[in-house]
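Line order of the protein sequences matches chains A and B.
Residue numbers for the first sequence, in our numbering: 1 to 379.
Residue numbers for the second sequence, in our numbering: 380 to 581.
Using N, Cα and C, we set each Cβ at its ideal position, and we do this for glycine too.
None of these values were measured; they are calculated from a predicted model.
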Amino acid sequence: MNDKLVDIKKINVSKPLKLDCGKTIKDFPLAYETYGKLSNNKDNAILVFHALTGDQFVSEVNPVTKKEGWWITAVGPGKAIDTNKYFVICANVIGGCMGSLGPRDLNPETKQPYGLDFPVITIKDIVRAQESLLEHLGIKKLLCATGGSMGGMQLLQFCATFPDKTFSAIPIACSSSHSAQNIALNELARQAIMADPVWDKGKYVLKNLQPKNGLAVARMVGHISYLSEKGMQEKFGRKLQEKADYEFSFDADFQVESYLRHQGYAFVERFDANSILYITRAMDYFDLSKQFKGGLIEAFRNQKAKFLIISFSSDWLYTTKENKDIVIALNASGADVSYSEITTDKGHDSFLIDEPEFLKTMKGFIDSMYEKFKNEKRI
Amino acid sequence: MKNLKMKKEFKVISDLLPNNTRVLDVGCGDGSLMSFLEKEKNIEVRGLELNQDKVQQCIHKGLPVIQGNAETELHQFPNQSFDYVVLSQTLQAFYDPEKVLKDLLRVGKSVIISIPNFGFWKVRANLLFFGKMPVTKTLPNTWYNTPNLHMCTIKDLFDFCDEKNIKIKKVVGVNEDKTSLIKKSNLEVKNLFSKLGIFLIG
Chain A
1 MNDKLVDIKK INVSKPLKLD CGKTIKDFPL AYETYGKLSN NKDNAILVFH ALTGDQFVSE
61 VNPVTKKEGW WITAVGPGKA IDTNKYFVIC ANVIGGCMGS LGPRDLNPET KQPYGLDFPV
121 ITIKDIVRAQ ESLLEHLGIK KLLCATGGSM GGMQLLQFCA TFPDKTFSAI PIACSSSHSA
181 QNIALNELAR QAIMADPVWD KGKYVLKNLQ PKNGLAVARM VGHISYLSEK GMQEKFGRKL
241 QEKADYEFSF DADFQVESYL RHQGYAFVER FDANSILYIT RAMDYFDLSK QFKGGLIEAF
301 RNQKAKFLII SFSSDWLYTT KENKDIVIAL NASGADVSYS EITTDKGHDS FLIDEPEFLK
361 TMKGFIDSMY EKFKNEKRI
Chain B
380 MKNLKMKKEF KVISDLLPNN TRVLDVGCGD GSLMSFLEKE KNIEVRGLEL NQDKVQQCIH
440 KGLPVIQGNA ETELHQFPNQ SFDYVVLSQT LQAFYDPEKV LKDLLRVGKS VIISIPNFGF
500 WKVRANLLFF GKMPVTKTLP NTWYNTPNLH MCTIKDLFDF CDEKNIKIKK VVGVNEDKTS
560 LIKKSNLEVK NLFSKLGIFL IG
């Protein structure tokens, strides 16, 4: 929330960007972070797309929250995405709240924070906004692009919109179109925010407030969906939170309640409620097949990237079936695609935690792609 | 079974494949045949493998592989989307080999199948003289733990193709380092002396 207090890298995107909703934004900030060093040949760049509540601080310590980067398990020196070897880039999505243009920023027309005057954005808008960053960094072709969940959706869009901008792609635990269940869960999150009287049709920003209760509930919904039934049972069961017996009250008797409350209220310190509305909307509108006549197969028709799709067996938010549908479409379009389903009880969250089989698979793919990409560049 | 796969088999399969073709290796294991084919030939090769570890090994080698079960997931590949589909020593392990074979012929313009030959003389002798299910180099499992549900002989597969009107383009018999062409005329003899039969059909 305090991006002015710390040094956040930003570019100003001066080129007007016509959004899917019809409105145009221009001269807007796009915040990003990089890790590792770009090689002289510029052949080692990996673009990471972050998920709904993520930001550009993938690795090391997030300078704003002072916590570890959200993908510290995968990105860093010696990690699966090895920053000793690769140059890792991540941009904050537009609509977000970590330095890129979002609903908390000033509307140049009214000189007031946007609030609900912020234009409704799509995954495609989010991705197109990030193209300027690659231009700014002088990278014509990425070695790899990757992302989980909404990050994976951005990646699919990126590949469809720019079929020749990355040598390889690893979409993780995602979908090519948001399912009814996905939309329903997002709507639950939005309704929780909107039901908080502080939200006040998004105008809380003018009063420098935050609808904390609503936003916390929205986050709790998310956290339930990121775990599997089995994982949750194993982690919490019916264990009580620092007490011997029930207290016959509505305090957090159970550990799982305490966990949700903690996650919910920690979240409000670092995220903006209106951003959740805008970004979840972008996810709900995402349907890659709708953008192309002939559906998903056409979306990947001229695909140059080599894909590795990864799903997790216990993920019920973005299921193996949904991920496989992407594989089938890529296959049908003749693209180069690999697919692996990681067996785990950890649910959708698997891509964010230390899941050795997942990390090994990703590392093996990226390292082998690097060798191929170098060879291709040499030729 | 896969780890005992003869190098000779790879060579025969490679010789059956023209350059500049798209090939799907069904049940590709750790990708050793795919690696071999990539080195020997200018072909585009893909794999399908059920086992997560083996899928990971393929990915580490930079080989494109899809994790999935040939028995249930060949439907994801469009009709005639590959020039050749290769099925190396796996046909006998499926619950429904006939259905898989049909699917292979749908996905590939041609299909290469290799089978461990149950008609090989040592196998026959085992059963005849010892009255026990044969355990050999190409058939290393015992009856209770074998993945091979539908063992067949070269002659069986020959007859099967005839019965189903599947065109047999070429059959190669392999015994250690020796290979020989199998035709209807020498089928009886070759069925006795080949450890492995490699069929090009479709």
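Sorted by chain position, which residues of the same chain lie with C-beta nearer than 6 Å to glutamine 130 of chain A's C-beta, five sequence neighbours on each side aside? Residue 130 of chain A sits at position 130 when you count from the first residue of the first sequence. Only Ala91 meet the Cβ criterion.
Helix, strand or coil for cysteine 159 of chain A? Go by DSSP, reduced to three states. As a working mapping, residue 159 of chain A is identified with position 159 in the first sequence. Cysteine 159 of chain A falls in the helix class under three-state DSSP.
Does glutamine 468 of chain B come within less than 8 Å of chain A when only Cβ atoms are used? On the second sequence, position 89 is the one that residue 468 of chain B refers to. For glutamine 468 of chain B, not one C-beta of chain A is nearer than 8 Å to its own C-beta.
Chain A contact residues for proline 457 of chain B, given Cβ-Cβ distances below 7 Å: Numbered from 1 along the second sequence, position 78 holds the residue referred to as residue 457 of chain B. What proline 457 of chain B touches in chain A: Ala332.
Residues near serine 177 of chain A by beta carbon distance below 7 Å, same chain, minus five either side: The residue given as residue 177 of chain A occupies position 177 in the first sequence. Excluding residues within five positions, the ones whose Cβ falls inside 7 Å are Phe286, Asp287, Leu288 and Ser289.
On a Cα-Cα basis, can you pick out the residue from A/Lys140, A/Ser340 and A/Asp354 that is closest to lysine 346 of chain A? Within the first sequence, numbered from 1, the residue matching residue 346 of chain A stands at position 346. Ranking the options by Cα distance to lysine 346 of chain A, first place goes to A/Asp354.
Strictly under 8 Å for the Cβ-Cβ distance: is valine 6 of chain A near chain B by that measure? Translated into positions along the first sequence, residue 6 of chain A becomes position 6. Answer no: the Cβ-Cβ gap between valine 6 of chain A and chain B never drops below 8 Å.
What's the gap between the Cα of lysine 377 of chain A and the Cα of leucine 206 of chain A? Position 377 of the first sequence holds residue 377 of chain A. Position 206 of the first sequence holds residue 206 of chain A. The C-alpha of lysine 377 of chain A lies about 52 Å from the C-alpha of leucine 206 of chain A.
For glutamine 459 of chain B, count neighbouring Cβ atoms within 10 angstroms of its own Cβ and tell me buried if that reaches 16, exposed if not. Here residue 459 of chain B refers to the residue found at position 80 when the second sequence is read from its first residue. Burial call: exposed.
Please list, in chain order, all residues of the same chain as glycine 581 of chain B whose beta carbon is under 6 Å from its beta carbon, the five residues on each side excluded. Residue 581 of chain B sits at position 202 when you count from the first residue of the second sequence. Cβ neighbours of glycine 581 of chain B beyond the five flanking positions: Leu484, Ser489 and Val490.
In chain A, which residues lie less than 7 Å from histidine 439 of chain B when you measure between Cβ atoms? As a working note, residue 439 of chain B is residue 60 in the second sequence. The answer, in chain order, is Gly364 and Ser368.
Strictly by DSSP, which residues pair up with arginine 425 of chain B? The sequence position of residue 425 of chain B within the second sequence is 46, counting from 1. Beta-bridge pairing links arginine 425 of chain B to B/Leu403.
Go ahead and pull the three-state DSSP assignment for alanine 252 of chain A. On the first sequence, position 252 is the one that residue 252 of chain A refers to. Coil, per DSSP.
Locate the beta strand (DSSP E) running through aspartate 164 of chain A, then write down its first and last residues. Translated into positions along the first sequence, residue 164 of chain A becomes position 164. Element bounds for aspartate 164 of chain A: n/a, residue is neither H nor E.
Run the CB neighbour count on leucine 383 of chain B, radius 10 Å, all protein chains shown included, and call it buried at 16 or more, exposed below. For the purposes of this step, residue 383 of chain B is identified with residue 4 of the second sequence, where counting begins at 1. A caution first: leucine 383 of chain B carries a pLDDT of 44, below 50, which makes its placement in the model unreliable, though a value can still be read off. Flag for leucine 383 of chain B reads exposed.
For arginine 190 of chain A, count neighbouring Cβ atoms within 10 angstroms of its own Cβ and tell me buried if that reaches 16, exposed if not. Here residue 190 of chain A refers to the residue found at position 190 when the first sequence is read from its first residue. Classification for arginine 190 of chain A: buried.
Where does tryptophan 522 of chain B land, buried or exposed, given buried means 16+ other C-beta within 10 angstroms? As a working mapping, residue 522 of chain B is identified with position 143 in the second sequence. Exposed.
Residues of its chain near isoleucine 248 of chain A, where Cβ-Cβ distance is below 8 Å and the 5 sequence neighbours each way are ignored: Along the first sequence, one-based indexing puts residue 248 of chain A at 248. The sequence shown places phenylalanine at residue 248 of chain A, not isoleucine. Within the same chain, phenylalanine 248 of chain A has no close Cβ partners at all.
Length of the line joining the Cα atoms of leucine 185 of chain A and glycine 222 of chain A: Here residue 185 of chain A refers to the residue found at position 185 of the first sequence. Here residue 222 of chain A refers to the residue found at position 222 of the first sequence. Going from the Cα of leucine 185 of chain A to the Cα of glycine 222 of chain A covers about 8 Å.
For alanine 305 of chain A, which three-state DSSP category applies? Within the first sequence, numbered from 1, the residue matching residue 305 of chain A stands at position 305. Alanine 305 of chain A: coil per DSSP, three-state reduction.
Beta carbon proximity, leucine 308 of chain A to chain B, threshold 8 Å: Counting from one through the first sequence, the residue named residue 308 of chain A turns up at place 308. Leucine 308 of chain A counts as touching chain B.
Going by alpha carbons, who is nearest to serine 132 of chain A out of A/Ile94, A/Ala80, A/Glu371 and A/Pro108? Position 132 of the first sequence, counting from 1, holds the residue named residue 132 of chain A. The candidate whose alpha carbon is nearest that of serine 132 of chain A is A/Ile94.
Cβ shell of histidine 454 of chain B (< 8 Å), same chain only, five flanking positions each side left out: Walking along the second sequence from the start, residue 454 of chain B turns up at place 75. For histidine 454 of chain B, where only same-chain residues beyond five positions count, the Cβ hits under 8 Å are Asp482.
Please say whether serine 228 of chain A and glutamine 431 of chain B have beta carbons closer to each other than 8 Å? Position 52 of the second sequence, counted from the start, is the residue given in the question as residue 431 of chain B. Position 228 of the first sequence, counted from the start, is the residue given in the question as residue 228 of chain A. Not in contact: glutamine 431 of chain B and serine 228 of chain A (Cβ atoms no closer than 8 Å).
Leaving aside the five residues before and after lysine 563 of chain B along the sequence, list all residues of the same chain whose C-beta is less than 8 Å from its C-beta, in chain order. The residue given as residue 563 of chain B occupies position 184 in the second sequence. Here the set comprises Phe537.
Which residues of the segment 336-356 of chain A have a Cβ closer than 8 Å to any Cβ of chain B? Give them in chain order. Asp336, Val337, Ser338, Tyr339, Ser340, Glu341, Ile342 and Thr343
Is it buried or exposed for methionine 380 of chain B, if we count other Cβ within 10 angstroms and need 16 for buried? To locate residue 380 of chain B, count along the second sequence from 1; it is residue 1. Legend: pLDDT at methionine 380 of chain B = 41, less than 50; position of this residue unreliable, no value from coordinates given.
Since serine 311 of chain A contacts asparagine 323 of chain A with CB under 8 Å, what's their CB separation in whole angstroms? Within the first sequence, numbered from 1, the residue matching residue 311 of chain A stands at position 311. Within the first sequence, numbered from 1, the residue matching residue 323 of chain A stands at position 323. In this structure, serine 311 of chain A and asparagine 323 of chain A form a Cβ contact; the two beta carbons are roughly 4 Å apart against a cut-off of 8 Å.
Going by the CB atoms, is the gap between leucine 403 of chain B and valine 486 of chain B shorter than 8 Å? On the second sequence, position 107 is the one that residue 486 of chain B refers to. On the second sequence, position 24 is the one that residue 403 of chain B refers to. For valine 486 of chain B and leucine 403 of chain B, yes; Cβs fall inside 8 Å.
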